[in-house]
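Note that the sequence shown ends on residue 465 in the numbering used here; no numbers are left out. Idealized CB from N, CA, C, for every residue including glycine. Following: one structure in structure tokens, then a few remarks.
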Amino acid sequence: FKQVRIGLVNERLVLATHTNESAGDAQAWCDRVPFCMGFYQSARTNVTTFVAGGIGAYPQDLEAFPEERQTRTFLKAGPEGKEARMACLLAADPHLLESLTEYAPRDDTFATDAWAPVVDGVDLLQPIMDSIEQGKIATGVKLLVGTNLDEGTEFMFLTPNLSCNATLTELKDWAVAFHGPELAAQVAHLYKSSSLMRPLPACGEGGKPTDIPGEAAVGYNAAMRSAGDAAIRCPTALLAEKTTADTYVYIFSLTPAYSANFGNTTVLGAFHGAEVPFVFKDTFELTTEHERFIADAMACRWRSFAWHGDPGVENCPGGAHWPKYNVVARPVMNFGEGVAIKFSPVIARERCHSFTKSDVFKVPARSTDSAFVV
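Spelled out as structure tokens, the structure:
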């Protein structure tokens, strides 16, 4: 048995519950029962709950349940050696594997979503971003990486509440609560209206008369962009900066006219995952001629990269040459109003330096606000 930091809650199939049981007795009981996957012990109730197989529980991160943070969770340890682990995997019940995937340990914070890699001390010895910062990246593996303009819209419900017409003071208070006091002042400074890449998504429920246009929701959009940068864009940019292999970087800035996953996209902008239907040319979600053109341009370049290791080998729509990323010019292919190379502005690096603290994003100090216009 290994003690882990997740707590098993909202159980679907509990084998048994015992009161005032020691961890040793609980392990002995679970060992005797073939279907027992593990157990958790609540310090609050003194109850030990035994759960079965992958379908036995719905694991969630204890950070989401403050009252249960004293819960100790034990899961049966699997085989240690690589060959034994592979044999175990090949012999596993496929339905069990499917349920383990569906009911994986959940986190769902803005920085770490439900499917984040787990530092388990075996396959992953340290956080991935720490490895990237230290340059521990596989050599010779070519990369095509990128992010979307409005990565944060879909997840703002996971951040402190902020009104659509937030004032500068409210933005600063939000930044203190979300980023912490050290970063809060920098966020207000680095996300001025003039430095926000357009277009800005509307704010509200989507398609409602009460929705506020993006240009009138600058404070909210500044918060949204800062959250998306901290959690998604800047870690991606760090990978592009640190790798030594050929790397191609993109930004997707087009607001889809329709999404099968959401009702109205006007308040989502170029949201997290919005580029996927374009890359795979999901025609049922591509409702305009321009969207189909962008999809052709993206799908062709992704195919070219997969086949040749270079997205520019095939004669793709849009015509723009996609140069390799480098830390001097920092070229980024923008899929939005058209297909064009843009160069990562200084302000983008300053933001990432604030969030990652990595020296690769350091830029000389500047004295005028005019430099923030991009």
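| Asked | Found |
| --- | --- |
| Segment limits, alpha helix (DSSP H) that includes Ser-222 | 219-224 |
| Which of helix, strand or coil DSSP assigns to His-363 | coil |
| Closest by C-alpha distance to Phe-371, when choosing among His-381, Cys-391, Phe-362, Ala-361 | Cys-391 |
| Bridge partners - Ser-433, DSSP secondary structure assignment | Reading off the sequence shown, one finds Lys at residue 433, where the question assumed Ser. Beta-bridge pairing links Lys-433 to Val-423. |
| Nearest to Val-503 (by Cα), restricted to the options Ser-395, Phe-446, Val-451 | The question about residue 503 has no answer here: the residues shown for the chain are numbered 92 through 465. |
| For Leu-259 and Gly-310, believed in contact at Cβ under 8 Å, the rounded distance | 7 Å |
| Endpoints, beta strand (DSSP E) assigned at Ala-143 | 138-143 |
| Rounded straight-line distance, which links the Cα of Pro-300 to that of Val-210 | 46 Å |
| Proximity below 7 Å, CB of Pro-292 to CB of Gly-360 | yes |
| C-beta atoms of Asn-355 and Gly-297 nearer than 7 Å | yes |
| Rounded straight-line distance, which links the Cα of Gly-305 to that of Cys-294 | 6 Å |
| Beta-bridge pairing of Asn-239 - partner residues as DSSP gives them | Phe-343 |
| DSSP three-state assignment for Leu-287, whether helix, strand or coil | coil |
| Residue closest to Leu-240, alpha-carbon to alpha-carbon, out of Ser-445, Gly-319, Val-358, Gly-226 | Gly-319 |
| Member of Pro-402, Ala-386, Ile-385 whose CA lies at the smallest distance from the CA of Trp-66 | Within the shown structure, residues of the chain are numbered from 92 to 465, placing residue 66 beyond reach of any answer. |
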